[in-house]
Amino acid sequence: MRIRNNYYFIFGVLILFVANLFIVSCQNHTEFVLTPTITLTSGKGAVIGVLKIGMQPAKNVRLYLAKTIKDNTGQDTFAALDRINSPTSLTDEQGRFEFYNISPGKYGLVIDVIKDSYLLLKPDSNEALLIDVSSGNQIDLGTLIYDSLPIIPQQ
Amino acid sequence: MKKRLIITIFILCSFLLANQPIQTLAYAFSNYTSGFQVQNLSSSTANIVISYYDQAGNVVSTASDTLNASGSKTYFPIHPASGFNGSVVISSDQEIASVVNVLGSGSHNAGASYVGSKSGGTNVSIPLLMKGNSGYNTWFNVQNTGSSNATVNVSYSDGASVGPITILPGASHTFDQSTETHSSSVFSAIVTSDQPVVVAVIEENSATMFAYGGVSSGTTNPVMPLINANNSGYITGIQIQNTGGSSTDVTVSYTPSTAGTACTETQTIPAGQSKTFALYAFANGTNSDCIAGAKFIGSAQVTANSTNQNLVAIVNQLKAGVNGEAYGAFDPATASNTVVLPLIMDRNSGWFTGFNVMNVGSAATSITCTFSGSSYTINTGSLNPGAAYNAIQQNQIANGYVGSATCTAANAGDKIVAVVNELNPATGDNLLVYEGISK
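Protein chains in written order, with my numbering: chain A, 1 to 155; chain B, 1001 to 1439.
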């Protein structure tokens, strides 16, 4: 009986914990994303997030981190995608993407549709979505929600 | 930095249109974005410098990068929110090639591509322009590749003209046919300039986009390696422009590769005008002995040109309402015995490629194509002059294959050309075509 009560107590605490996380995440207009704990290689960083079209997850979308190139005035002027060497991630059924052990630097997020590829803008503006990766840090981009994306419809 | 590559890019945002009330542009899409892929064709690391210009001639930005031997990168300009419509010049210490991709938003699936130019000309021909042609309109950018201000005039085959327009070095200017007065729905143009210029043309309706480059040098006998007609909905139109000073009777000979029957089509093209070949010949036999409605997959070449006028041509492949793409005809005189095809795919997230490699020499030859990272090879067997070999990579190389191909004819003096289609059976404008690179 005591063991069963302990189970109820632990279960109740877990429910409260998850509910609290849900409330906090709703207040921040983001979504709670469960991500595995990964030990980063020394000197590397990570980027995670969720990609959605409207309320639907963008599934099986190939993404790349394209390192930015500065111009002669020090401004980021191009994001350069190298399909062989640039970090890549495939979104899962929930639209989640993860890039781990990324060299520090500034990157653009590129969506690849094979025949073409596109630099993603911030969902709420016409500015390029640029990500500053630093050593030992994991950047959570939250949920990126777009009205539409240049991806091929799933068959 | 001896080598220069000049490309015109389009990044037209609705914000840009709102900020420029003087220039009323009626594009099919509210937003356009561009990226450009640069490939190092050499076996040494390439050091490149990329400069992009706005239409006022200002160098907006200059940046440097390196490309591994035979490697490639795709560059995305990072722009302010107000948008950008301009041009890019790439300098390199190695041989490079570039393909520009243009995306029209709205459907977000209409895209087109064209090849960057290595040099410009003072007389550039544009074989196919449209205003309200079954929903299609065109617009084009003219870029000054010279070192001084260019005075540019555009003379259309329907009698309309625009100019003079001053374009600063490196800068470009947009000519939009939908806002100009034209007496015809299909026409051509000749751009003249006192400085070398290059031209990139966009053909579009609300769902489909094509792109091609203007031609600064023609030939009396252009060749077109890939013609589809009545092929699962795909049709092809060849637009041939007579850039000479006299009328000429042009005969195009069609040679099947995997489907159809050989036939010819003859039309008279007045000086400065253009005519559409293949489209009506294969639909209803007009001006030809082609079989109306018959499936045809093969190649084409101009085999008669009665007064030896200079001709330029582009080829549009279209699946009505679904997708379309354009490529430029080849001058057989500039062909070699080796063609590089930088992007070949097999079952790559649904994408695959198919190409036609054509013998444009004067003697029969065989062609061997090898594929990077694979033991898969193709040998065409003996190909007569004017004949092409059709190869589809779907289910042929490996699941998920992405690589390149090199096709080499048997003899050093042979001449071959090739065109590659990239296809995805999914809905949307999912056809891309590019011309093989002669090596």
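Virtual Cβ for every residue (Gly too), placed ideally from N, Cα, C.
Proximal chain A residues relative to residue i, where beta-carbon distance stays under 8 Å
{"i": "A1063 (chain B)", "result": "I69, K70, D71, N72, T77 and F78"}
{"i": "G1071 (chain B)", "result": "D82 and I84"}
{"i": "G1354 (chain B)", "result": "The contacting residues do not exist; G1354 (chain B) stays about 13 Å from chain A at best."}
Minimum C-alpha distance to residue i - residue among the options
{"i": "L63 (chain A)", "options": "A:G136, A:S117 and A:E127", "result": "A:S117"}
{"i": "C1369 (chain B)", "options": "B:A1391, B:D1331 and B:S1147", "result": "B:A1391"}
{"i": "Q1317 (chain B)", "options": "B:P1270, B:M1224 and B:A1398", "result": "B:M1224"}
{"i": "T1264 (chain B)", "options": "B:V1302, B:T1122 and B:I1297", "result": "B:V1302"}
{"i": "N1149 (chain B)", "options": "B:G1071, B:T1138, B:G1170 and B:Q1039", "result": "B:G1170"}
{"i": "S1438 (chain B)", "options": "B:S1206, B:F1175, B:V1357 and B:Q1396", "result": "B:V1357"}
{"i": "A1160 (chain B)", "options": "B:E1180, B:E1422, B:T1151 and B:L1168", "result": "B:E1180"}
{"i": "T41 (chain A)", "options": "A:S134, A:Q75, A:L149 and A:A66", "result": "A:S134"}
{"i": "S1257 (chain B)", "options": "B:Y1434, B:P1385 and B:A1409", "result": "B:P1385"}
{"i": "F1282 (chain B)", "options": "B:Q1309, B:N1308, B:A1304 and B:Y1254", "result": "B:Y1254"}
{"i": "S1125 (chain B)", "options": "B:N1047, B:Y1434, B:G1324 and B:N1310", "result": "B:N1310"}
{"i": "V1100 (chain B)", "options": "B:T1074, B:L1423, B:I1416 and B:A1292", "result": "B:T1074"}
{"i": "A1207 (chain B)", "options": "B:A1320, B:N1040 and B:L1067", "result": "B:A1320"}
Per-residue burial, residue i [other beta carbons within 10 Å of its own, 16 or more giving buried]
{"i": "A1388 (chain B)", "result": "buried"}
{"i": "M55 (chain A)", "result": "exposed"}
{"i": "A1495 (chain B)", "result": "Any answer about residue 1495 (chain B) is impossible in this case: the structure gives chain B only from 1001 up to 1439."}
{"i": "T1166 (chain B)", "result": "exposed"}
{"i": "Q1393 (chain B)", "result": "buried"}
{"i": "N5 (chain A)", "result": "For N5 (chain A), the predicted model reports a pLDDT of 47, less than 50, meaning its position is unreliable; a value from the coordinates is still stated below. Exposed, by the Cβ-count rule."}
{"i": "N1141 (chain B)", "result": "buried"}
{"i": "S1232 (chain B)", "result": "exposed"}
{"i": "S1183 (chain B)", "result": "exposed"}
{"i": "N1348 (chain B)", "result": "buried"}
{"i": "A1335 (chain B)", "result": "buried"}
{"i": "T73 (chain A)", "result": "exposed"}
{"i": "D962 (chain B)", "result": "Only positions 1001 to 1439 of chain B appear in this structure, which leaves residue 962 (chain B) out of reach."}
{"i": "S1092 (chain B)", "result": "buried"}
{"i": "E1325 (chain B)", "result": "buried"}
{"i": "Q1055 (chain B)", "result": "buried"}
{"i": "S148 (chain A)", "result": "exposed"}
{"i": "F1029 (chain B)", "result": "Its pLDDT being 48, under 50, F1029 (chain B) is placed unreliably by the model, and the measurement read from it follows with that caveat. Answer is buried; the Cβ neighbour count reaches 16."}
Whole-angstrom distance between residue j and residue i, CA atom to CA atom
{"i": "S1404 (chain B)", "j": "G1218 (chain B)", "result": "29 Å"}
{"i": "A79 (chain A)", "j": "G1361 (chain B)", "result": "42 Å"}
{"i": "S1374 (chain B)", "j": "V1402 (chain B)", "result": "10 Å"}
{"i": "V992 (chain B)", "j": "N1144 (chain B)", "result": "The displayed coordinates of chain B run from 1001 to 1439. Any statement about residue 992 (chain B) would go beyond what the structure contains."}
{"i": "Y1280 (chain B)", "j": "I1240 (chain B)", "result": "14 Å"}
{"i": "S1064 (chain B)", "j": "T1251 (chain B)", "result": "48 Å"}
{"i": "V1186 (chain B)", "j": "S1134 (chain B)", "result": "10 Å"}
{"i": "F32 (chain A)", "j": "Q94 (chain A)", "result": "In this predicted model, F32 (chain A) has a pLDDT of only 41, less than 50, meaning its place in the structure is not dependable; the value taken from the coordinates is given anyway. Going from the Cα of F32 (chain A) to the Cα of Q94 (chain A) covers about 12 Å."}
{"i": "A1398 (chain B)", "j": "T88 (chain A)", "result": "21 Å"}
{"i": "G1213 (chain B)", "j": "G1272 (chain B)", "result": "18 Å"}
{"i": "V1059 (chain B)", "j": "V1089 (chain B)", "result": "10 Å"}
{"i": "L109 (chain A)", "j": "L81 (chain A)", "result": "9 Å"}
{"i": "Q1023 (chain B)", "j": "S1087 (chain B)", "result": "Only weak support is given to the placement of Q1023 (chain B): the predicted model assigns it a pLDDT of 29, under 50, and the value that follows is read from those uncertain coordinates. Distance between the alpha carbons of Q1023 (chain B) and S1087 (chain B) is about 18 Å."}
{"i": "E1203 (chain B)", "j": "Q138 (chain A)", "result": "44 Å"}
{"i": "T1266 (chain B)", "j": "A1410 (chain B)", "result": "33 Å"}
{"i": "A46 (chain A)", "j": "F1330 (chain B)", "result": "48 Å"}
{"i": "A1200 (chain B)", "j": "Y1327 (chain B)", "result": "12 Å"}
{"i": "G1245 (chain B)", "j": "S1157 (chain B)", "result": "13 Å"}
{"i": "N1221 (chain B)", "j": "I1297 (chain B)", "result": "20 Å"}
{"i": "N1205 (chain B)", "j": "N1137 (chain B)", "result": "6 Å"}
{"i": "A1097 (chain B)", "j": "I111 (chain A)", "result": "23 Å"}
{"i": "I1269 (chain B)", "j": "G1237 (chain B)", "result": "16 Å"}
{"i": "A1278 (chain B)", "j": "V1215 (chain B)", "result": "20 Å"}
{"i": "Y1053 (chain B)", "j": "S1061 (chain B)", "result": "7 Å"}
Proximity test, Cβ basis, 8 Å: residue i and chain A
{"i": "T1377 (chain B)", "result": "no"}
{"i": "G1245 (chain B)", "result": "no"}
{"i": "G1035 (chain B)", "result": "yes"}
Within chain B, partners of residue i - CB distance below 8 Å
{"i": "A66 (chain A)", "result": "T1074 and F1076"}
Cβ of residue i within 8 Å of any chain B Cβ
{"i": "A128 (chain A)", "result": "yes"}
{"i": "Y159 (chain A)", "result": "Outside the displayed span of chain A (1 to 155) sits residue 159 (chain A), for which this structure offers no information."}
{"i": "G54 (chain A)", "result": "no"}
{"i": "V47 (chain A)", "result": "no"}
{"i": "G105 (chain A)", "result": "no"}
{"i": "G95 (chain A)", "result": "no"}
{"i": "V110 (chain A)", "result": "yes"}
Beta-carbon neighbours of residue i, restricted to chain A and to distances below 7 Å
{"i": "I1050 (chain B)", "result": "F78"}
{"i": "G1373 (chain B)", "result": "Those within 7 Å of G1373 (chain B) in chain A number zero; the least Cβ separation is about 11 Å."}
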